[in-house]
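Asks: Residue 79 in UniProt numbering is what sits at position 79 of the sequence shown, and the numbering runs on without skipping anything. Virtual Cβ for every residue (Gly too), placed ideally from N, Cα, C. Please read these numbers as outputs of a predicted model, since none were measured by experiment.
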Amino acid sequence: MKEILNQIQPDIVISTGTSEKNFLPYLSVSSHPVFIREIHSNKNYRSLHAQSVFDKLLAILGDFIDYRIHLKKYDRTVVLTKEDKVVHWGKNTEVDVCVIPNPIISFGSKKASLINKKVIAVGRLAFPKNFSSLISAWKYVIERHADWTLEIWGEGELRTELEEQIRNNQLTNNIFLKGYTYDIFSPLYEASIFTLTSLFEGLPLVIIEAMSCGVPVVSYACPCGPQDIIADGHDGFLVPVNNEKVLADRICRLIEDKELRKEMGKAARLKAEQYDIKNIIPMWMELFNQLINEKRK
Numbered sequence: 001m002k003e004i005l006n007q008i009q010p011d012i013v014i015s016t017g018t019s020e021k022n023f024l025p026y027l028s029v030s031s032h033p034v035f036i037r038e039i040h041s042n043k044n045y046r047s048l049h050a051q052s053v054f055d056k057l058l059a060i061l062g063d064f065i066d067y068r069i070h071l072k073k074y075d076r077t078v079v080l081t082k083e084d085k086v087v088h089w090g091k092n093t094e095v096d097v098c099v100i101p102n103p104i105i106s107f108g109s110k111k112a113s114l115i116n117k118k119v120i121a122v123g124r125l126a127f128p129k130n131f132s133s134l135i136s137a138w139k140y141v142i143e144r145h146a147d148w149t150l151e152i153w154g155e156g157e158l159r160t161e162l163e164e165q166i167r168n169n170q171l172t173n174n175i176f177l178k179g180y181t182y183d184i185f186s187p188l189y190e191a192s193i194f195t196l197t198s199l200f201e202g203l204p205l206v207i208i209e210a211m212s213c214g215v216p217v218v219s220y221a222c223p224c225g226p227q228d229i230i231a232d233g234h235d236g237f238l239v240p241v242n243n244e245k246v247l248a249d250r251i252c253r254l255i256e257d258k259e260l261r262k263e264m265g266k267a268a269r270l271k272a273e274q275y276d277i278k279n280i281i282p283m284w285m286e287l288f289n290q291l292i293n294e295k296r297k
């Protein structure tokens with residue numbers, strides 16, 4: 001790595017958070033570049049993923065080494081959400097943190113009609129995505145709207161467990177695990193509501209992709225991302241994490257009010273434009289210019 005950097009003589013070097021994050025700013029590079037660290041999840045991602053006591057101890061150690069030692073060597077740290085910066089980094093004066101969200105590369109080319117009796121969710125069938133909570137919430141939805149269906153797009157290690165939960169709750173005619181797709185926009189165009197029930201995120205781009213199709217979103221207000229993206233009651237709904245009755249109620253409100261669906265969908269599409277890549281690139285360019293100018297002083 002050192003040899004390559006000395007060959008290309010960069011002005012700026014960015015770590016995206018894999019193994020290079022531990023040694024990159026310690027390298028002796030003759031061009032004296034600015035070093036930027038980008039964190040693609042929220043600050044507490046290690047502890048949030050940890051489920052056993054041993055994993056939690058490893059998370060504490062990993063956070064200490066990463067954030068208290070290595071991160072101080074970077075000229076700037078970029079996080080994805082204002083929530084992450086304020087809640088998790090606000091009192092840390094040793095690290096210079098700014099916010100630049102990830103962009104969406106593909107923007108919905110058309111608007112969903114919002115007329116189909118279909119709600120969709122997208123994500124890995126894994127612990128962080130918390131689809132078991134969504135399945136539990138759907139029992140309350142079909143008490144009021146038995147003709148509506150839920151599609152969950154994605155694959156993962158919990159498929160068998162989720163299939164069993166669906167069967168045990170007599171929801172096989174209402175919930176469908178659709179598997180993996182390379183074209184997420186096709187199901188989004190067919191949806192009338194999108195829902196996200198994650199326990200934690202970095203910045204859930206799938207929410208923005210749904211909004212770019214004009215689909216209103218009902219999401220758990222998990223750390224981090226949904227609260228940055230969604231203005232509750234305007235372009236979607238935010239729900240306390242694991243409050244399945246409130247989640248079902250917000251979904252039912254959108255089911256029962258076609259005009260509200262349309263209004264929220266329109267507002268959601270406008271919000272998604274903020275995350276179009278053409279609007280995110282200038283944020284990076286401004287940061288690059290600022291850091292280079294600071295280095296030259």
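Using the DSSP secondary-structure output, state which residues sit across from C224 in a beta bridge.
Replies: Here residue 224 refers to the residue found at position 224 of the sequence shown. DSSP output for C224 lists no bridge partner at all.
Asks: Here's a check: name, in chain order, each residue in its chain whose Cβ is nearer than 6 Å to the Cβ of K2, leaving out the five neighbours to either side.
Replies: Looking up residue 2 in the sequence shown gives position 2. Excluding sequence neighbours, K2 sits near L27.
Asks: Out of R144, V99, I4, F127, which has the shortest C-alpha to C-alpha gap to L254?
Replies: The residue you call residue 254 lines up with position 254 of the sequence shown. Closest option to L254, Cα to Cα, is R144.
Asks: For the beta strand (DSSP E) containing residue 330, name the first residue and the last one.
Replies: In this structure the chain extends from 1 to 297, so residue 330 is not present and cannot be described.
Asks: I'd like the list of long-range same chain contacts for C213, defined as Cβ closer than 7 Å, with 5 residues on each side in sequence excluded.
Replies: Position 213 of the sequence shown holds residue 213. Hits under 7 Å: G108, K111, A112, F185, L188, Y189.
Asks: Where do the N-terminal and C-terminal ends of the beta strand (DSSP E) with L37 fall, by residue?
Replies: What you label residue 37 is simply residue 37 of the sequence shown in a count that begins at 1. According to the sequence displayed, residue 37 carries Arg and not Leu. Looking at the DSSP string, the run of the beta strand (DSSP E) that includes R37 is 34-38.
Asks: Does the Cβ-Cβ distance between F131 and L171 come in under 8 Å?
Replies: Within the sequence shown, numbered from 1, the residue matching residue 131 stands at position 131. Within the sequence shown, numbered from 1, the residue matching residue 171 stands at position 171. Cβ distance not < 8 Å, so F131 and L171 don't count as in contact.
Asks: My assumption, with CB atoms under 8 Å, is that G236 sits in contact with V218. Please give the rounded CB distance.
Replies: Position 236 of the sequence shown holds residue 236. Position 218 of the sequence shown holds residue 218. Indeed, because the Cβ distance is near 7 Å, the residues count as touching under 8 Å.
Asks: Bridge partners of W153, per DSSP?
Replies: The sequence position of residue 153 within the sequence shown is 153, counting from 1. The partner list for W153 (beta bridge, DSSP) reads V122, G179.
Asks: Thinking C-beta only, is G154 closer than 8 Å to V122?
Replies: For the purposes of this step, residue 122 is taken as residue 122 along the sequence shown, with counting starting at 1. For the purposes of this step, residue 154 is taken as residue 154 along the sequence shown, with counting starting at 1. Yes; because the gap between Cβ atoms is below 8 Å, this pair is in contact.
Asks: Helix, strand or coil: how does DSSP classify V29 here?
Replies: Within the sequence shown, residue 29 is the residue found at index 29, counting from 1. Looking at V29 - three-state DSSP - the assignment turns out to be coil, as it is neither helix nor strand.
Asks: Is DSSP giving L114 helix, strand or coil here?
Replies: If you number the sequence shown from 1, residue 114 lands on position 114. Note: L114 maps to coil in three-state DSSP.
Asks: Going by Cα to Cα distance, which pick from S31, K72, N242 is closest to T195?
Replies: Working through the sequence shown from its first residue, we reach residue 195 at position 195. T195 has its Cα closest to that of N242, out of S31, K72, N242.
Asks: Got a sec? Which residues, its chain only, sit under 7 Å from K262 by beta carbon, not counting five neighbours each side?
Replies: Residue 262 sits at position 262 when you count from the first residue of the sequence shown. Correct list, in chain order: L114.
Asks: What residues are listed by DSSP as bridge partners for S219?
Replies: Taking the first residue of the sequence shown as position 1, residue 219 is located at position 219. Looking at the DSSP assignment, S219 forms a beta bridge with L196, L238.
Asks: Quick one, which of V79, F54, Y140 has its alpha-carbon nearest L287's?
Replies: Working through the sequence shown from its first residue, we reach residue 287 at position 287. Nearest option by C-alpha distance: V79.
Asks: Between I120, E38, K117, which lies nearest to T18 when the distance is taken from Cα to Cα?
Replies: Counting from 1 along the sequence shown, the entry for residue 18 is found at position 18. The candidate whose alpha carbon is nearest that of T18 is E38.
Asks: By Cβ distance, which residues of its chain are closer than 6 Å to D276, with the 5 residues on each side in sequence left out?
Replies: Sequence index remark: in the sequence shown, residue 276 carries index 276 (1-based). The answer, listed in chain order, is F107.
Asks: Identify whether C98 lies in helix, strand or coil by the three-state DSSP scheme.
Replies: By 1-based counting over the sequence shown, the position of residue 98 is 98. Correct three-state label for C98: strand.
Asks: To the nearest whole angstrom, what separates the beta carbons of I292 and V34, a pair I think is in contact under 8 Å?
Replies: For the purposes of this step, residue 292 is taken as the residue at position 292 of the sequence shown. For the purposes of this step, residue 34 is taken as the residue at position 34 of the sequence shown. That belief holds up - the Cβ atoms of I292 and V34 are roughly 7 Å apart, short of 8 Å.
Asks: Using only alpha-carbon positions, find the residue among S15, I36, A210, R167 that is nearest to S136.
Replies: If you number the sequence shown from 1, residue 136 lands on position 136. For S136, the nearest C-alpha among the options comes from R167.
Asks: Give me the DSSP bridge partner(s) of D11.
Replies: As a working mapping, residue 11 is identified with position 11 in the sequence shown. Beta-bridge pairing links D11 to no other residue.
Asks: Quick check: what's the CA-CA separation for S15 versus I36?
Replies: Counting from 1 along the sequence shown, the entry for residue 15 is found at position 15. Counting from 1 along the sequence shown, the entry for residue 36 is found at position 36. Straight-line Cα distance between these residues: approximately 6 Å.
Asks: For N22 and Q274, I'd like the C-alpha separation in whole angstroms.
Replies: On the sequence shown, position 22 is the one that residue 22 refers to. On the sequence shown, position 274 is the one that residue 274 refers to. Taking the straight line from one Cα to the other gives about 32 Å.
Asks: In whole angstroms, what is the alpha-carbon distance linking I60 and V239?
Replies: Counting from 1 along the sequence shown, the entry for residue 60 is found at position 60. Counting from 1 along the sequence shown, the entry for residue 239 is found at position 239. Roughly 29 Å between the two C-alpha positions.
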